[in-house]
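Structure below.
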């Protein structure tokens, strides 16, 4: 009689299941090592956990016992990690030392702690924070700056609101590092940095990137937004400002970064459909072009080329007409 295929099928399924268990454990161990390394009070905990997990999984039998033990430890670390609170009272770098906040009275909006530093180099500057008043009835439109720092895959968006004669104001959602702390891509996956929404003059937040930082490129686009859409977007940023002023929040490179945080400002029912370019945001401008949010009268490569502002920004430098000069030749601006 032919042999039944059932035992062979069971063996295959058992092997697949065990493979999935090992994959889940490998991911869990790697994540837990990172959580202990970046967020615990002593990095030795991460090393001890890794050594103990590897020893248990490869030395003890039956296998399900060490697997269950390691999985349980991972769950405990996740539980602890979720309770690590963000703070407002750290020793912050000067450029993120103050949180902006807004007061809204009908048509009038007063924003405190608008950053407008006087830069000599990227790290040598005279801090200056201002209180500015804008009127919603004067809001004309929205522009988008996209900042690259060496890779076409990742970028940083900065949104600028045009209030005509009252000027422009930029919003930049970013990490809030402490003194002596640099950015870490891996650290950004954990609870390493708080989130901040920097409100600044274009001569500050844009010029420091084009004129003083090395290896960075900035592109400018004009949004196809009605005045009503512009006011709604501006209101969403103001709500974020005021919430962060009293409720600190963690930055996360995947779930709450400079791009996803913008999307999260909107109620779920009004958010645009998810797209992989929201995560790999160096291509976010192309996504916006395809969705009709940017000028489509010319091909996207030409639009992007005409929006490259580095040379114009360096030529304008400290001119009071900086914002006007960097927009020369940019469609829609």
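Numbering (the numbering used here), first residue to last: 24 to 356. Virtual Cβ for every residue (Gly too), placed ideally from N, Cα, C. Here the structure is a predicted model, which means the values were calculated and not measured.
Exercise. Just the Cα atoms here: how many angstroms apart are residue 348 and residue 77?
Worked result: Distance between the alpha carbons of residue 348 and residue 77: 60 angstroms.
Exercise. Leaving out the 5 sequence neighbours to the left and right, which residues in its chain are closer than 6 angstroms to residue 304 when beta-carbon positions are compared?
Worked result: For residue 304, the CB contacts under 6 angstroms within the same chain, skipping 5 residues up- and downstream, are 178, 282 in chain order.
Exercise. Nearest to residue 163 by alpha carbon, out of 245, 332, 338?
Worked result: If we check each option's Cα against that of residue 163, 245 comes out closest.
For this session: Return the chain-ordered ranges of every beta strand (DSSP E) run that is complete within the stretch 162–245 and spans a minimum of 3 residues.
Result: Runs found: 164–171, 179–185, 191–199, 217–223, 240–245.
Problem set entry | Integer-rounded CB distance, given that residue 123 should sit under 8 angstroms from residue 220 | About 7 angstroms; that satisfies the 8 angstroms criterion.
Exercise. Going along the chain, which unbroken runs of the alpha helix (DSSP H) with 4 or more residues stay wholly within the stretch 273–345?
Worked result: Positions of the alpha helix (DSSP H) runs, each at least 4 residues long and wholly inside the stretch 273–345, are given as 283–287, 307–313, 323–329, 333–339 in order along the chain.
Exercise. With respect to the beta strand (DSSP E) encompassing residue 136, which residues constitute its N-terminal and C-terminal limits?
Worked result: If you look at residue 136, you'll find it in the beta strand (DSSP E) that goes 131–138.
Exercise. Just the Cα atoms here: how many angstroms apart are residue 337 and residue 277?
Worked result: Approximately 33 angstroms, taken between the alpha carbons.
For this session: For residue 79, collect the residues of the same chain with a Cβ closer than 8 angstroms to its Cβ; drop the 5 residues on either side in sequence, then sort them by chain order.
Result: Excluding sequence neighbours, residue 79 sits near 89, 92, 93.
For this session: Give the C-beta separation of residue 152 and residue 121 to the nearest angstrom, bearing in mind that I take them to be a contact with Cβ-Cβ under 8 angstroms.
Result: The beta carbons of residue 152 and residue 121 sit about 6 angstroms from each other, so the pair counts as a contact at 8 angstroms.
Exercise. When DSSP labels each residue in this structure, what does residue 35 get in the three-state scheme?
Worked result: DSSP places residue 35 in the helix class (H, G or I) of the three-state scheme.
Exercise. In whole angstroms, what separates the C-alpha of residue 311 from that of residue 319?
Worked result: Rounded to whole angstroms, residue 311 to residue 319 spans 10 angstroms at the Cα level.
For this session: Whole angstroms is fine: what's the gap from residue 201's alpha carbon to residue 350's?
Result: Approximately 34 angstroms between the Cα atoms of the pair.
Exercise. Taking just the CA atoms, how far does residue 127 sit from residue 265?
Worked result: Residue 265 and residue 127 have their alpha carbons spaced roughly 11 angstroms apart.
For this session: May I have the straight-line CA-CA distance separating residue 231 from residue 343, to the nearest angstrom?
Result: Here the alpha carbons of residue 343 and residue 231 stand approximately 15 angstroms from one another.
Exercise. Looking at residue 239 and residue 170, is the spacing between their C-beta atoms short of 8 angstroms?
Worked result: Taking 8 angstroms as the cut-off, the beta carbon of residue 170 is found closer than this to the beta carbon of residue 239.
Exercise. Going by the beta-carbon positions, is the gap between residue 257 and residue 184 smaller than 8 angstroms?
Worked result: Cβ distance < 8 angstroms, so residue 257 and residue 184 count as in contact.
For this session: Put residue 83 into one of helix, strand or coil per three-state DSSP.
Result: Correct three-state label for residue 83: coil.
Problem set entry | Cut-off 8 angstroms between Cβ atoms - residues of its own chain near residue 211, not counting five sequence neighbours on either side | When the five nearest sequence neighbours on each side are left out, the beta carbons in the same chain lying within less than 8 angstroms of the beta carbon of residue 211 are those of 198, 274, 275, 276, 280, in order along the chain.
Exercise. Helix or strand or just coil, what does DSSP make of residue 270?
Worked result: Residue state, collapsed to three classes: coil.
For this session: Rank 331, 299, 234, 250 by C-alpha distance to the C-alpha of residue 341 and give the top, closest one.
Result: It is 234.
Exercise. Beta strand (DSSP E) containing residue 125: first to last residue?
Worked result: Counting along the chain, the unbroken beta strand (DSSP E) around residue 125 starts and ends at 124–128.
For this session: Using alpha carbons as the reference points, say which of 314, 268, 308, 331 lies closest to residue 110.
Result: Of 314, 268, 308, 331, the residue nearest in Cα terms is 268.
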